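Start counting at 1 in the first sequence, then tack on 36, and there's your number in the numbering used here.
A short worksheet on the structure shown next.
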Amino acid sequence: MNPYAYIREQVVAMIDVLADDGILPAGMDFANLAVEAPRDPSHGDVATNAALVLTKQAKMKPRDIAAPLAGRLAGLEVVEAAEIAGPGFINLRLADDFWRERLKDVLGTGTAYGDSQLAAGEKINVEYVSANPTGPLHIGHVRGAVYGDALATLLAKVGYDVCKEYYINDAGAQVDVLARSVHLRYREALREDVGEIPEGMYPGDYLIPVGQDIAKRDGDKWLGLAEAEWLGEFRRLSVDAMMDLVRADLASLGIEQEVFFSEQSLHLEGGIDSALAALRDKGLIYTGVLEPPKGKTPDDWEPRPQTLFKASQFGDDVDRPLQKSDGAWTYFAADIAYHHDKVERGYKQMVDVWGADHGGYIKRMNAAVRALSNDQGHLDVRLCQMVRLLRGGEVVRMSKRAGNFVTLRELVDEVGRDVVRFMMLTRKNDAPLDFDFQVAMEQSKDNPVFYVQYAHARIHSVLRRVGDELPDLAVDPESLAKSDLGRLTDSAEMDLIKHMATWPRAVEIAAQAREPHRIAFYLNELASDFHALWNKGNAEPGLRFIMPEDAGTTQARLALIQGVAFVLASGLAIIGVEPVDSM
RNA sequence: GCGCCCGUAGCUCAGCUGGAUAGAGCACCAGAUUCCUAAUCUGGGGGUCACAGGUUCGAGUCCUGUCGGGCGCACCA
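Pasting the structure below:
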């Protein structure tokens with residue numbers, strides 16, 4: 037049960053009762069009515085702004101609404117006290133037994149605690165990474181990969197039917213360059229001296245085995261032919277090889293996407309034609325001449341008629357070209373077709389995760405989705421800012437020259453998958469992030485991953501050791517849930533339960549905001565509460581978890597910390613980090 | 001010139017979509033270990049929420065403007 041949602045139901049019910057009694061008007065709108073944990077714990081367990089929110093609709097002073105409402109709420113069995121405070125807040129203190137029941141909720145649901153049906157099974161498509169298939173993933177891709185993956189898991193947790201997707205940019209000129217680079221490596225594999233890899237080609241060593249494989253399979257079949265003879269085949273083979281590389285990179289982070297959608301297929305299989313036909317039917321495509329961008333006219337600007345999409349009709353600044361000067365489709369045209377395909381597949385909710393440098397592209401893509409879906413579809417583009425790599429506070433220099441950037445794999449190999457995933461979520465996605473190798477490797481509370489995992493490990497350490505003192509005590513979750521939780525009376529213990537009880541709400545808030553970093557912050561707080569209680573047991577032996585002479589209290593305390601372990605594991609699962617049992 | 005993001009403690013950042021006296025961590029200072037992992041914890045000082053207006057019961061949060069920083073600005077992807 038989500039206690040805040042429960043209390044909100046009670047508040048609304050009591051307002052209805054007061055309306056029946058003629059004390060309040062009937063039929064008021066409760067949209068802004070909130071029941072939350074107050075920031076200041078001295079204000080009680082939960083607070084509602086009901087009286088403040090309704091003051092206008094009821095045409096009454098906040099306190100005149102609050103007084104009868106608080107009186108009614110005070111009559112509820114779970115409510116220990118109801119007070120009116122400040123401008124008209126109603127602060128409620130709930131019975132300890134009510135909170136102890138919440139701990140039973142946790143123990144009964146385990147790591148599924150926090151799951152909800154908020155989204156009621158609605159389909160949603162989350163597209164992320166979508167790096168060009170020209171080489172291994174590098175540091176620039178990692179954040180979007182982790183963010184997108186965690187977001188997908190988070191959305192699934194609140195009841196979305198999530199599809200995780202990757203768009204393969206396998207149609208542009210850079211794929212031709214890739215194919216030519218591989219052809220060079222192919223010739224090299226056949227013992228031809230190709231010398232230095234020329235400027236403008238991809239020089240990376242990762243292309244060597246691709247060329248070798250083709251040589252092994254086809255021998256000299258592609259030698260001495262005109263480029264047009266081999267380019268298509270080399271593109272196909274190269275992209276396949278690069279996507280294998282990409283998938284392996286993603287797998288090293290524990291990421292597995294379900295759909296890999298080829299841009300090239302849109303060109304070859306009529307996807308672009310049908311998407312643009314759909315727009316043309318709506319009268320949204322025309323031929324026109326664009327104004328040069330103000331303030332910064334490109335040197336080679338020349339006004340000429342272009343095929344344009346009426347993006348400006350859907351909130352974009354200008355209409356956007358669909359064809360290049362050589363007649364080929366623009367990237368945007370293919371992207372329209374791609375999102376058209378998503379709409380056709382039944383997605384009304386779509387999330388695209390992009391790098392911040394693509395921010396200028398959002399308006400046109402939103403415009404396209406609105407146009408394609410008759411305003412039924414909604415695209416939410418989430419931007420990820422840069423990651424700056426540091427080592428002991430010093431910036432790790434990376435030049436653009438190939439081979440000199442830090443790859444995803446190097447990062448994962450050095451600090452480990454869990455650390456990478458957690459650290460990438462310690463900042464809001466649209467804020468720049470510093471990733472310090474040294475901190476990431478530290479085993480101290482400076483390292484948030486360590487801090488949270490350490491709490492989880494400590495709990496399991498206690499669960500392992502209790503058998504030494506109380507060999508007959510049942511410590512499985514079912515037995516713990518049936519233990520005498522009334523033994524939990526210390527304020528630190530109750531605070532921990534109350535903190536756990538906010539977990540379902542925290543998950544919903546994070547999902548609605550589409551900000552998985554909030555999960556990481558929550559976990560840090562919960563871990564902190566747990567570490568504090570642990571240390572309280574150092575100072576006051578009567579508060580230790582294992583009390584050899586008191587099996588009942590021990591069992592109740594184990595119930596408490598098992599609950600914490602479940603919530604920590606539940607949150608770590610969203611982030612994609614392993615909850616370790618020992619360290 | 002235009003558009004988007006951002007500006008919160010000395011530093012790095014949260015702030016539950018408008019709630020009560022704005023919070024953490026780092027750093028600094030002072031403490032806790034015969035004891036379930038001290039790999040941890042407790043306490044302390046530190047703020048014109050960039051600035052100026054506006055909206056309302058109430059603004060770090062919403063609107064307008066100014067200043068400062070980042071990204072982008074036909075046909076590349």
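Just so you know, even glycine gets a beta-carbon here, dropped at the ideal spot from N, CA and C.
The structure presented is a predicted model; accordingly, all values stated were derived computationally and were not measured.
Buried/exposed call for residue i, threshold 16 Cβ in 10 Å
i, result
"ALA49", "exposed"
"GLN591", "buried"
"GLU529", "buried"
"ALA207", "buried"
"MET459", "buried"
"ALA181", "buried"
"THR333", "exposed"
"GLU338", "exposed"
"SER78", "exposed"
"ASP482", "exposed"
"MET278", "buried"
"ASN68", "exposed"
"THR343", "buried"
Spatial distance of residue i from residue j (CA atoms)
i, j, result
"ALA568", "VAL498", "15 Å"
"ASP185", "ILE291", "7 Å"
"GLY429", "GLY324", "52 Å"
"GLU576", "ASP132", "22 Å"
"MET401", "LEU139", "46 Å"
"GLY351", "ALA262", "47 Å"
"ALA537", "LEU128", "15 Å"
"GLY391", "LEU187", "15 Å"
"GLY80", "ARG523", "22 Å"
"LEU425", "VAL432", "5 Å"
"SER409", "PRO357", "20 Å"
"VAL30", "ALA476", "The chain is shown only over 37 to 619; residue 30 falls outside these bounds and no answer can be derived."
"HIS496", "ILE555", "22 Å"
"ASP377", "ILE175", "30 Å"
"LYS193", "SER606", "10 Å"
"ASP199", "VAL213", "Correcting the residue identity first, residue 199 is Cys in this sequence and not Asp. Distance between the alpha carbons of CYS199 and VAL213: 31 Å."
"VAL178", "LEU191", "20 Å"
"ILE321", "MET237", "37 Å"
"ASP617", "ARG500", "10 Å"
"GLU201", "PHE297", "7 Å"
"GLY122", "GLU294", "52 Å"
"ASN560", "TYR487", "7 Å"
"GLY260", "TRP266", "10 Å"
"TRP570", "ALA83", "29 Å"
"ARG272", "ALA264", "13 Å"
"ILE398", "ARG541", "30 Å"
Cutoff 7 Å; reference residue i; Cβ partners in own chain excluding five residues on either side
i, result
"GLY157", "GLY195, ASP197"
"LEU516", "LEU143, GLN591, LEU594, ALA595, GLN598"
"LYS572", "ALA528, LEU579"
"ALA403", "ALA347, PHE350, GLY351, ASP352"
"THR366", "PRO357, LEU358, GLN359, LYS360"
"VAL448", "SER288, LEU289, VAL456"
"VAL613", "ASP454, ARG457, PHE458, VAL485"
"LEU509", "VAL502, ALA587, THR590, GLN591"
"GLU544", "SER152, LEU154, VAL194"
Beta-carbon contacts of residue i that lie in its chain and below 8 Å, excluding the five residues immediately before and after
i, result
"ILE51", "LEU60, MET64, PHE66, ALA86, LEU90, LEU105"
"ILE160", "LEU191, TYR196, ASP197, VAL198, CYS199, TYR383, GLN385, MET386, VAL387"
"THR589", "ARG523, MET583"
"ALA314", "HIS376, LEU408"
"SER301", "GLY307"
"TRP258", "HIS219, TYR222, ILE250, GLU265, TRP266, GLU269, PHE270"
Own chain residues within Cβ distance below 6 Å of residue i, not counting five before or after
i, result
"VAL218", "LEU243, VAL246, GLY247, PHE270, SER274"
"MET422", "PRO468"
"ASP141", "MET37"
| said: Could you tell me which whole alpha helix (DSSP H) segments of length 4 or greater appear in the segment 266-353? | reply: Here the runs fully enclosed are 299-304, 307-317.
| Given 8 Å as the limit, is there contact between the segment 583-603 and the segment 144-157, that is, 3 or more CB pairs closer than that? | The segment 583-603 is in contact with the segment 144-157.
| field | Runs of alpha helix (DSSP H) lying entirely within the segment 189-243, each at least 4 residues, in chain order | value | Counting only runs of at least 4 residues, the segment 189-243 fully encloses the following alpha helix (DSSP H) elements, listed from N- to C-terminal order: 209-225.
| field | the segment 408-428 / the segment 381-395 touching (three or more Cβ pairs under 8 Å) | value | With the cut-off at 8 Å, the segment 408-428 and the segment 381-395 touch.
| query | Which runs of the beta strand (DSSP E) fall wholly inside the segment 370-422 and span at least 3 residues, in chain order? | reply | With a minimum length of 3 residues, the continuous beta strand (DSSP E) runs that stay inside the segment 370-422 are 385-391, 414-420.
| query | On the three-pair Cβ rule with 8 Å, is the segment 215-228 touching the segment 246-266? | reply | As far as the Cβ criterion goes, the segment 215-228 touches the segment 246-266, which means the pair count is three or higher.
| For the 8 Å Cβ check, are there 3 or more pairs between the segment 306-319 and the segment 362-373? | The answer is yes - the segment 362-373 touches the segment 306-319, with three or more Cβ pairs under 8 Å.
| task | Could I get the ranges of all uninterrupted alpha helix (DSSP H) runs contained in the segment 514-542, with 4 residues as the minimum, in chain order? | result | Correct list: 527-537.
| query | What are the complete beta strand (DSSP E) segments, minimum 3 residues, inside the segment 69-123? | reply | With a minimum length of 3 residues, the continuous beta strand (DSSP E) runs that stay inside the segment 69-123 are 82-84, 115-121.
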